[in-house]
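Trainee: Let me give you the structure first, and then I'll get to my questions.
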Amino acid sequence: MIKTELELEVMRQAGKIHQQVVAELKKAIKPGVTLIELDQLAEKLIRAADAIPSFKGFQGFPASLCTMINSEVVHGIPDDRELQAGDLLSVDCGVTFNGLIADAAFTVIVGGDETNPKRARFSQTVKKALLAGCDKAVAGNTLGDIGYAVQRAIENGGYHILKEFTGHGVGYEMHEDPYVLNYGTPGKGMTLKEGMTICIEPIVTISKTKSKTLKDGWTEVTVDGKEACQWEHCGVITKSGFEIFA
Ligand code: MG
Ligand code: MG
């Protein structure tokens, strides 16, 4: 859970590779591009940086990215569907470099925010909630402070947290202790310590609904067919704030 300065330096490098992959993915995302093309691009870039796609083979997951369109919540398997203008696309990616992992996710409106302002507002609110959580990820605060900040931003926006999906510790394993919930009570829960590496990742629905797993055994979708969105940062708790790796 707590990492040494040497380990943190490797995680920073994993994070840099992750950021480069995300920058290239954002350039490639446009109407007509398929999810599998994005996955192949990500894998090529990760391996070219002497890193490994953390998701590929993780508990049998078949791809380097998780891609979620519109009503898909998490763990979507990239396939040959073409992106359409106005799609709400969440992309989650993991990069393992020298044994340590950077795990982060972003969301875009395919073709630009103006193609679907309602979805753009939704995505921006989830991003703001993530950043509100990151602001509380300071040594001496608690996990409840992070969860409360995320929850307040989501609920003030009129959206809904899927409480079964959580952030987590990260490092040699994709999911380490502790669970980082997207809801909570200020001052409650574990006290955050310098050197703790965590992922904060609100997973949010536009309407009050639940999630169910598709027959592929991975893809989670909303029960009511309305939109879901994920944003995620990984980083380290310091005395002065959350240093974001990716
Ligand atoms: Mg994660
Ligand atoms: Mg992730």
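Numbering-wise (our numbering), the sequence shown opens with residue 8 and increments by one. Glycine included, every Cβ here is placed at the ideal spot set by N, Cα and C. Note that the structure is a prediction, hence the values are computed from the model and not measured.
Is the beta carbon of L107 closer than 9 Å to that of L72?
Mentor: No, the pair does not count as a contact, with Cβ atoms beyond the cut-off.
Trainee: I believe P85 touches A109 by the beta-carbon criterion, under 8 Å. Please report the beta-carbon distance rounded to the nearest angstrom.
Mentor: The pair is not a contact, with the Cβ atoms about 19 Å apart (cut-off 8 Å).
Trainee: In the DSSP assignment, what residue or residues form a beta bridge with Y186?
Mentor: H175
Trainee: Got a sec: does ligand 2 put a non-hydrogen atom nearer than 8 Å to the Cβ of C236?
Mentor: no
Trainee: Write down the C-beta distance between A253 and G22 rounded to the nearest angstrom, noting that I regard them as a contact closer than 8 Å.
Mentor: About 4 Å; that satisfies the 8 Å criterion.
Trainee: Which first and last residues belong to the beta strand (DSSP E) in which K219 is found?
Mentor: S218 to T220
Trainee: Starting from I210 and walking both ways along the alpha helix (DSSP H), at which residues does that stretch end?
Mentor: Careful: I210 lies outside any alpha helix (DSSP H), inside the beta strand (DSSP E) at I210 to T212.
Trainee: Would you list the residues sitting across from P60 in a DSSP beta bridge?
Mentor: Looking at the DSSP output, P60 shares a beta bridge with V102.
Trainee: Please look up how many angstroms separate the CB atoms of V133 and V230, rounded, as I've assumed it's under 8 Å.
Mentor: Rounded, the Cβ-Cβ distance is 19 Å, inconsistent with contact.
Trainee: Tell me whether the beta-carbon of D99 lies closer than 9 Å to the beta-carbon of T74.
Mentor: yes
Trainee: Spatial neighbours of E50 within its chain, please: C-beta separation below 6 Å, excluding the five flanking residues on both sides.
Mentor: P60 and S71
Trainee: At a cut of 8 Å, does the stretch 140-149 reach the stretch 190-204 through at least three beta carbon pairs?
Mentor: Three or more Cβ pairs closer than 8 Å define a contact, and the stretch 140-149 meets that threshold against the stretch 190-204.
Trainee: Report the start-end ranges of each beta strand (DSSP E) in the stretch 66-140 that is 3 residues or longer and not cut off at the edges.
Mentor: 72-76, 79-81, 95-104 and 107-116
Trainee: Nearest-angstrom Cα distance between S218 and Q237?
Mentor: 13 Å
Trainee: I need the straight-line Cα distance from E79 to A235, nearest angstrom please.
Mentor: 6 Å
Trainee: Answer with buried or exposed for G64, where buried requires no fewer than 16 other C-beta atoms within 10 angstroms of its C-beta.
Mentor: exposed
Trainee: Contact check, A112 vs E239 under 8 Å by CB: the rounded distance?
Mentor: 4 Å
Trainee: Quick check: does the Cβ of C141 come within less than 8 Å of any heavy atom belonging to ligand 1?
Mentor: no
Trainee: Could you give the DSSP three-state label for G196: helix, strand or coil?
Mentor: coil
Trainee: CA-CA distance, A160 and A136?
Mentor: 5 Å
Trainee: With G242 as the anchor, note down where its beta strand (DSSP E) starts and where it stops.
Mentor: H240 to I244
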